[in-house]
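> Supplied in structure tokens, the structure appears directly below.
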Amino acid sequence: MLKLAIYYGFRSGVYFFCALVCLASWRETFAGDGRFVQMSFEDLLQVKISSVSRREESVSDAAASIYVITNEAIRNSGAATIPEALRLDPRLQVSRITATQYAIGIRGFTTGVNNKLLVMIDGRTIYTSLFSGVFWDHQDVMLEDIERIEVISGPGATLWGTNAVNGVINIITKRTSATHGWLAAAHSGNSERGARVRYGTELGEDAHLRVYGKVFSVDANRYLSGQDANDGAARAQVGFRTDWKSADDRFTFQGDVYKGGGDDRGSVYAFWKNADIALGDIEPSGNNLLARWERKHEDGSDIHVQAYWDYFKRRDSFLFQPTSRTFDIELQQATPFDQHRIMWGLGYRRTEDKVDDGLLTYFIPAEKTLEWGNLFSMADLHITDALTTTIGLRLEHNEYTGMEYLPSLRATWKYSPDDLIWASLSRAVRAPSRYDRDIFLGVSREGPWVLAGGPNFDSEVANVLEIGYRGQSWDRFSYSITAYYHDWDKLRSGSAVVPPLEMTNGIEGKVYGADFWANAKILPYWQLSAGGTFLHKDLNMKPGVADPEGVTNVVLSNDANYYGQIRSTIDTTANSVLQLSLRYIAELKNQDVPSYTLVDLSYSWQFHPDISVAVTAQNLADRNHYEFGDRGTAVFFSRSAWLTLTWEP
449 MLKLAIYYGF RSGVYFFCAL VCLASWRETF AGDGRFVQMS FEDLLQVKIS SVSRREESVS
509 DAAASIYVIT NEAIRNSGAA TIPEALRLDP RLQVSRITAT QYAIGIRGFT TGVNNKLLVM
569 IDGRTIYTSL FSGVFWDHQD VMLEDIERIE VISGPGATLW GTNAVNGVIN IITKRTSATH
629 GWLAAAHSGN SERGARVRYG TELGEDAHLR VYGKVFSVDA NRYLSGQDAN DGAARAQVGF
689 RTDWKSADDR FTFQGDVYKG GGDDRGSVYA FWKNADIALG DIEPSGNNLL ARWERKHEDG
749 SDIHVQAYWD YFKRRDSFLF QPTSRTFDIE LQQATPFDQH RIMWGLGYRR TEDKVDDGLL
809 TYFIPAEKTL EWGNLFSMAD LHITDALTTT IGLRLEHNEY TGMEYLPSLR ATWKYSPDDL
869 IWASLSRAVR APSRYDRDIF LGVSREGPWV LAGGPNFDSE VANVLEIGYR GQSWDRFSYS
929 ITAYYHDWDK LRSGSAVVPP LEMTNGIEGK VYGADFWANA KILPYWQLSA GGTFLHKDLN
989 MKPGVADPEG VTNVVLSNDA NYYGQIRSTI DTTANSVLQL SLRYIAELKN QDVPSYTLVD
1049 LSYSWQFHPD ISVAVTAQNL ADRNHYEFGD RGTAVFFSRS AWLTLTWEP
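Be aware that the sequence shown starts at 449, since it is given in the working numbering, and climbs by one per residue.
Printed below as a string of structure tokens:
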């Protein structure tokens, strides 16, 4: 009976939304002062970003395929985690694997261990040196404190280094001066629940501090058979940030500590040991500290120094169990010359890690120290009032392949105040990780092995051409479209058809397509946002290379050929907003994941000056679907809903 009640409740909610849309088309009494609705399109295009050129510039001037997820958009969506907030970018392929694991990618090669996407939180790079990817269940912030998420589709290697091949995600939190006072929020529903509290205060005339704490838990899902997937998890995190300034100087010091755990996954029978092996749960934990100093001079020059420490620990007795300590420091300086600008910088990164064995996975040697060094320079040349050219080069050294050269050339033509055409040529690489060189798969550390790391594994290389257009029309319609072409060489493959399969660089080919986004103001209180991606891959084995999986292996082939979304946001009253989003993802052919459509709904109401309530519902169009993996072993996700209460006096 409860399930029937939930089902009809959801269906009634959809009908209710449709009725509101019809009413909104002719009843302007629903329009209010826009307290909740997203900022205007004019303001969105003028949002200051820094990820494209490492300097502040507006979205309308950026020579890249850029999308900004604002704090208002996250709040209106009801998202409770970073991966769910990233679904707001229609160009991202976000596939949920388990309750806490996601495959997130841009322009192909989307896996749970994506190694071609660089992710940062407040300038701190969060990928692991084990596979050059992100464990998403280790990453969290107070979503209410996010100022914006800048998502670049396309390479950013000249500025951000190796692994910034297909895209860059930069999560930027608010300065502490914007988060004074108390904020407390809690949400609970049929599958997840959480609570968080933050307090911000002034430490003096020019210094501010905030501290926060949060807890989160999510229930387990099920397999197709109905069996419990044992993927439930819980997590707790605390942190702080302080900002202060003195004359021309600005300082930031911040840190976080977190720990999580999950459901006991039982045991498996290991025939080679003739014993049951306990799998236990997955336990992510870690902490970090970041310090940053910035100085800006009246002549427009500036200097930036940042250093951070990151401790990472993960206990997963099935896969592997890494512990790593990372220190990173960088210097950046920029100087204007007339209408031109020269920027240069250098950096050093050191990671010490130790990897305990999994059930069948071994890193040999178990302990290793890796170091990276880089030097980069970029020149912005103002050719005319409308034409600008940017030339850049990064030299980055790693211990596996030595020096990598990462050049880029960009040009922008702003032929009217509302229209921009840009183009770029760049070279990006995905440098080897420990997974490529040091991993072994077998029944023991001594062998025999099914899979072995390649001692000569080289960097994967992409030469990329992009052409884009961004514009605005009639003060009601803004849009962006980008066409891209990636010429890939040395993609990862295997080297033999009999064990052990050794990692090598045996695949080459092309990846090309287009992505777009658009915003339309239908009525003063009704906005529509849409976007999507078309992707085509033409990969082949290099001459003389034999791989039993070839170019259909799952690491290369987890991508939909096209996907997109449309999102409707209505100011129903002066103090409430209703948002409905529809996402469509085409089939993942090599995983036999059929195409699916997701419909989510969120309604927020500020019923008291200090208190708001929000109702969020997910997966309205599909009561039971899976997004990643083989049907027999994939985790299925059902409809879910939760209520959020927020107190902010």
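Heads up, the beta-carbon is just placed ideally off N, CA and C, and yes, glycines get one too. In this text, all values refer to a predicted model and were calculated from it rather than measured experimentally.
State buried or exposed for asparagine 822, treating a residue as buried only when at least 16 other CB atoms are found within 10 Å of its CB.
Counting from one through the sequence shown, the residue named residue 822 turns up at place 374. It counts as buried.
> Excluding the five sequence neighbours on either side, which residues of its own chain have a C-beta within less than 6 Å of the C-beta of proline 855, listed in chain order?
For the purposes of this step, residue 855 is taken as the residue at position 407 of the sequence shown. So the list reads Leu841, Arg875, once near-sequence residues are dropped.
> So, leucine 767 versus glycine 806, is the Cβ gap smaller than 7 Å?
Within the sequence shown, the letter at position 319 stands for residue 767. Within the sequence shown, the letter at position 358 stands for residue 806. Yes, the pair counts as a contact, with Cβ atoms nearer than the cut-off.
> Between leucine 591 and the rest of its own chain, which residues show a CB-CB distance below 6 Å, the 5 nearest in sequence each way excluded?
As a position in the sequence shown, residue 591 is number 143, starting the count at 1. Here the set comprises Ile522.
> With DSSP as the reference, label tyrosine 863 as helix, strand or coil.
Here residue 863 corresponds to residue number 415 of the sequence shown, with the count starting at 1. The answer is strand: DSSP assigns tyrosine 863 an E or B state.
> Taking the C-alpha atoms as reference points, what is the distance between serine 881 and alanine 1089?
Counted from its first residue, the sequence shown places residue 881 at position 433. Counted from its first residue, the sequence shown places residue 1089 at position 641. Each residue's Cα considered, the two are about 40 Å apart.
> Name the residue from His788, Pro770, Trp757, Arg763 whose alpha carbon lies nearest to the alpha carbon of isoleucine 777.
Sequence index remark: in the sequence shown, residue 777 carries index 329 (1-based). If we check each option's Cα against that of isoleucine 777, Trp757 comes out closest.
> Near alanine 910, what residues of its chain come up, given a Cβ to Cβ distance below 6 Å and the 5 sequence neighbours on each side ignored?
Taking the first residue of the sequence shown as position 1, residue 910 is located at position 462. So the list reads Val613, Ala876, His934, Trp936, once near-sequence residues are dropped.
> Ends of the beta strand (DSSP E) at aspartate 667?
Taking the first residue of the sequence shown as 1, we reach residue 667 at position 219. Premise fails: aspartate 667 is in no beta strand (DSSP E) and is neither H nor E.
> Just the Cα atoms here: how many angstroms apart are leucine 779 and threonine 809?
Along the sequence shown, read from residue 1 onward, the residue named residue 779 stands at position 331. Along the sequence shown, read from residue 1 onward, the residue named residue 809 stands at position 361. Roughly 38 Å between the two C-alpha positions.
> List the whole-angstrom C-beta distance separating threonine 576 from phenylalanine 760, where the pair is believed to meet the contact cut-off of C-beta under 8 Å.
Indexing the sequence shown from 1 puts residue 576 at position 128. Indexing the sequence shown from 1 puts residue 760 at position 312. Contact flag correct, Cβ pair sits at about 7 Å.
> Once the 5 residues before and after serine 636 are set aside, which same chain residues still bring their CB inside 7 Å of it?
For the purposes of this step, residue 636 is taken as residue 188 along the sequence shown, with counting starting at 1. For serine 636, where only same-chain residues beyond five positions count, the Cβ hits under 7 Å are Trp1090, Leu1091.
> Quick check: what's the CA-CA separation for tryptophan 974 versus tyrosine 1051?
Sequence index remark: in the sequence shown, residue 974 carries index 526 (1-based). Sequence index remark: in the sequence shown, residue 1051 carries index 603 (1-based). Those two C-alpha atoms are separated by around 14 Å.
> DSSP three-state label for alanine 634, please.
Against the sequence shown, residue 634 aligns to sequence position 186. Alanine 634: strand per DSSP, three-state reduction.
> With DSSP collapsed to three states, give me the class of isoleucine 497.
By 1-based counting over the sequence shown, the position of residue 497 is 49. Reduced to three states, the DSSP call for isoleucine 497 is strand.
> Three-state secondary structure (DSSP) at glutamate 819?
Residue mapping note: residue 819 aligns to position 371 of the sequence shown, counting from 1. Strand at glutamate 819.
> Here's the rule: buried if 16 or more other CB atoms are within 10 angstroms of the residue's CB, otherwise exposed. What is asparagine 736?
Along the sequence shown, one-based indexing puts residue 736 at 288. Per the 10 Å Cβ criterion, buried.
> Short of 6 Å in beta carbon distance, which residues of its chain neighbour valine 567, apart from the five on each side in sequence? Order them along the chain.
Sequence index remark: in the sequence shown, residue 567 carries index 119 (1-based). Here the set comprises Ile574, Val582, Ile617.
> Rounding to the nearest angstrom, what Cα-Cα distance links proline 603 and serine 580 in this structure?
The count along the sequence shown starts at 1 and reaches residue 603 at position 155. The count along the sequence shown starts at 1 and reaches residue 580 at position 132. So the two alpha carbons sit approximately 15 Å from each other.
> Could you check which residue in Phe905, Gly890, Asp906, Ala605 has the C-alpha nearest to that of leucine 899?
If you number the sequence shown from 1, residue 899 lands on position 451. Nearest option by C-alpha distance: Gly890.
> Is it buried or exposed, isoleucine 619, if we count other Cβ atoms within 10 angstroms and call 16 or more buried?
Here the question's residue 619 lines up with position 171 in the sequence shown. Per the 10 Å Cβ criterion, buried.
> Can you confirm whether the region 533-542 touches the region 595-602 when touching is taken to mean that 3 or more C-beta pairs between the two stretches lie within less than 8 Å?
Segments in contact, yes.
> If you pair each beta-carbon of the region 1025-1041 with each one of the region 1065-1084, do three or more pairs fall below 8 Å?
Counting Cβ pairs under 8 Å, three or more are found: they touch.
> Pull up the distance between the alpha-carbon of tryptophan 1053 and that of valine 1025, whole angstroms please.
As a first step, residue 1053 must be located in the sequence shown, where it is residue number 605. As a first step, residue 1025 must be located in the sequence shown, where it is residue number 577. So the alpha carbons of these two residues sit roughly 7 Å apart.
> Starting from arginine 882 and walking both ways along the alpha helix (DSSP H), at which residues does that stretch end?
Mapped onto the sequence shown, residue 882 falls at position 434. That run of the alpha helix (DSSP H) goes 882-886.
> Pick out whichever of Asp804, Ala739, Arg502 has its Cα sitting closest to the Cα of phenylalanine 688.
The sequence position of residue 688 within the sequence shown is 240, counting from 1. The shortest Cα separation from phenylalanine 688 among Asp804, Ala739, Arg502 belongs to Ala739.
> Just the C-alpha distance for threonine 700 and glycine 609, rounded to the nearest angstrom, thanks.
Position 252 of the sequence shown, counted from the first residue, corresponds to residue 700. Position 161 of the sequence shown, counted from the first residue, corresponds to residue 609. Their Cα atoms are separated by approximately 23 Å.
> Return the CA-CA distance between valine 516 and tyrosine 960, expressed in angstroms with no decimal places.
Translated into the one-based positions of the sequence shown, residue 516 becomes position 68. Translated into the one-based positions of the sequence shown, residue 960 becomes position 512. Their Cα atoms are separated by approximately 23 Å.
> Taking the alpha-carbon of glycine 902 as reference, which of Ser749, Lys693, Ser941 has the nearest alpha-carbon?
Taking the sequence shown and counting its residues from 1, one reaches residue 902 at position 454. Minimum Cα distance to glycine 902 is reached at Ser941.
> Name the DSSP beta bridge partners of histidine 752, please?
To locate residue 752, count along the sequence shown from 1; it is residue 304. Paired residue(s): Glu742, Gln780.
> Can you give me the Cβ contacts of threonine 1094 inside the same chain, cut-off strictly under 6 Å, excluding the 5 residues immediately before and after it?
Mapped onto the sequence shown, residue 1094 falls at position 646. Excluding sequence neighbours, threonine 1094 sits near Ala633, Ser1060.
> Runs of 3 residues minimum, wholly inside the region 525-571: which ones carry the beta strand (DSSP E) assignment?
Runs found: 541-544, 550-553, 565-569.
> Going by the CB atoms, is the gap between isoleucine 929 and phenylalanine 964 shorter than 7 Å?
One-based indexing of the sequence shown puts residue 964 at position 516. One-based indexing of the sequence shown puts residue 929 at position 481. Their beta carbons are under 7 Å apart, which means phenylalanine 964 touches isoleucine 929 by this criterion.
> Could you check which residue in Ile1014, Ile970, Pro948, Glu950 has the C-alpha nearest to that of serine 977?
As a first step, residue 977 must be located in the sequence shown, where it is residue number 529. Nearest C-alpha to serine 977: Ile1014.
> My understanding is that serine 765 touches leucine 727, with C-beta atoms under 8 Å, so please give their C-beta distance in whole angstroms.
Stepping through the sequence shown from its first residue, residue 765 is reached at position 317. Stepping through the sequence shown from its first residue, residue 727 is reached at position 279. Confirmed, about 6 Å.
> Rank Ala827, Lys622, Ser772, Arg535 by C-alpha distance to the C-alpha of threonine 817 and give the top, closest one.
Within the sequence shown, the letter at position 369 stands for residue 817. Answer by Cα proximity: Ser772.
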